[in-house]
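According to numbering that gives the first Met the number 0, the sequence shown holds residues 0 to 397 in order.
Taking it in order: structure first as structure tokens, then the write-up.
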Amino acid sequence: MTLLLALMKKELLALFRDVNGLAALLLMPVLFIVIMSLALKDVYNPPTKTLNYAVENKDDGLLSTILLDKWRKDHGDAKALSIDWQKDLLAGKLKYVIQIDAQSSETLAQVQIAPNANNKASIHLLVEPSMDKAMLASLQAQLSGLVSGIQVQTLRTIIATQVQTSATTPTSDTETKLPDLVDVQRSSAAQMTPTSVQQNVPAWLVFGMFFVMSAMSGLWLIERENGVTARLHSFGVPDSTLLLSKIVPYLGVNALQAVLMLTVGVWLMPLLGADALQLAGIHWSALILVIATISLAAVGLALLVACLVQTQAQAGAVVPILNVLMAAIGGIMVPKFVMPTFMQHLAELSPMNWGLEGLLTVLLRQGDVIAVAPYATRLTIFAILTFVLALIILRRKN
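Shown next as structure tokens:
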């Protein structure tokens, strides 16, 4: 035990003496979180409420007025419609124009169960040429939702009127109100809305933990070139003890990374204009379990790579490529839900994906220890296998 503690102290001293390497381990994933969260903010939440728009209303009915009032509450006041508004739209000065044809209120009031396929739309959404597809889809969905809501409300009013007039007994003076037909909620106890921060903090947290491969392989090669490893073997230090002495210090580095990145997500990102990472109501025991097993898997793989590489040039080439490939396949750089089906199946082979899914289960799906157990089990098995392989390789070399 004394020998193991002495070797761990040696490893910590080597880590803290390499200030640049330690700073890279801690700050690199933080920079990724900040940059990617800000860059992808509008992908998860298109800023449709801040776009300049105008309205061309040729209808003087009540329902079109109601529609525009509702739209104004969510998107602000419309800009004045100029004579050359088509040119403004083409140049991007206006992001979109809502056109309402004459007698649109009558069309909205004609609630039909099976509308005629030949009916032409009376409300038009004209957008500027360069508008992003996600933003266009969001605007279209919001406008369609308002139109459908007005039609449903019209139908409810008609039904309520018929019920009142056909009743055999006098109705009360209170207004008849039918229940809402549809109630939409996310399936989460906290009703949490996914944001770029919710995706990027867990993703780059996992990536940062696996990046310890770079530091470990570098220090391992330096010790080998300086003869430190050979001297330790001459003193009778077992290979297993040598490997174990490197596990705890790097587990500590990973724990520090996790605390730092969660802190950035909770407190720094809101100051930069992004959404905050929501930790309220999560199962902390499940979060700690996932982070611990991710760290074990990352350190285990780092030990294996350190035992395999022979030179600094090999480490400089193999480690970044391996990290980037696992991140690209595992849903770190590209979210898994936007991948095609075969890529989603391929992602499930990456240890980074196991860690990411475990974190998302805790942070977004309110998962407990039982929910994250499958991911934690895979990561633990992976850590054991890599450690055993590293030990076998090290013994063969010696």
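Glycine residues also receive a C-beta, built at the ideal position from the N, C-alpha and C atoms.
Helix, strand or coil for residue i? Go by DSSP, reduced to three states.
{"i": "N51", "result": "coil"}
{"i": "V126", "result": "strand"}
{"i": "T240", "result": "helix"}
{"i": "I328", "result": "helix"}
{"i": "V200", "result": "helix"}
{"i": "Q98", "result": "strand"}
{"i": "R364", "result": "coil"}
{"i": "I391", "result": "helix"}
{"i": "S121", "result": "coil"}
{"i": "L67", "result": "helix"}
{"i": "P350", "result": "helix"}
{"i": "Q277", "result": "coil"}
{"i": "A382", "result": "helix"}
Which first and last residues belong to the alpha helix (DSSP H) in which residue i is found?
{"i": "I287", "result": "W283 to L307"}
{"i": "Q343", "result": "T340 to A346"}
{"i": "D59", "result": "Run containing D59: none; DSSP gives neither H nor E here."}
{"i": "S213", "result": "V211 to N225"}
Could you check which residue in the options has the C-alpha nearest to that of residue i?
{"i": "I320", "options": "M27, S103, V304 and L255", "result": "V304"}
{"i": "A275", "options": "N199, A214 and W219", "result": "N199"}
{"i": "V263", "options": "L218, G60, L37 and Q309", "result": "L37"}
{"i": "L302", "options": "A316, L220, L271 and R230", "result": "L220"}
{"i": "L378", "options": "S349, R395 and I369", "result": "S349"}
{"i": "A257", "options": "V298, I380 and V29", "result": "V29"}
{"i": "P269", "options": "L393, T376, S195 and P237", "result": "S195"}
{"i": "E127", "options": "W84, L393 and L324", "result": "W84"}
{"i": "I290", "options": "C306, A254 and G366", "result": "A254"}
{"i": "W283", "options": "Q365, D100, S143 and L4", "result": "Q365"}
{"i": "A79", "options": "I97, K69, T64 and I65", "result": "I97"}
Assign residue i to buried or exposed, taking buried as 16 or more other Cβ atoms, counted over all protein chains shown, within 10 Å of its Cβ.
{"i": "A312", "result": "exposed"}
{"i": "W266", "result": "exposed"}
{"i": "K486", "result": "A question about residue 486 goes unanswered here, because the residues of the chain that appear run from 0 up to 397."}
{"i": "Q309", "result": "exposed"}
{"i": "I331", "result": "buried"}
{"i": "E224", "result": "exposed"}
{"i": "S294", "result": "buried"}
{"i": "A5", "result": "exposed"}
{"i": "P373", "result": "exposed"}
Determine the extent of the beta strand (DSSP E) in which residue i is found, giving its start and end residues.
{"i": "I82", "result": "I82 -> no beta strand (DSSP E), and no H or E assigned at all."}
Quiz prompt | At least 3 beta-carbon pairs within less than 8 Å: the segment 225-237 vs the segment 337-348 | solution = no
Quiz item: Are there three or more Cβ pairs, one per stretch, closer than 8 Å when the segment 326-333 is compared with the segment 375-389?
Solution: no
Exercise. Determine, using beta-carbon pairs with one atom in the segment 53-62 and one in the segment 89-104, whether at least three such pairs fall under 8 Å.
Key: yes
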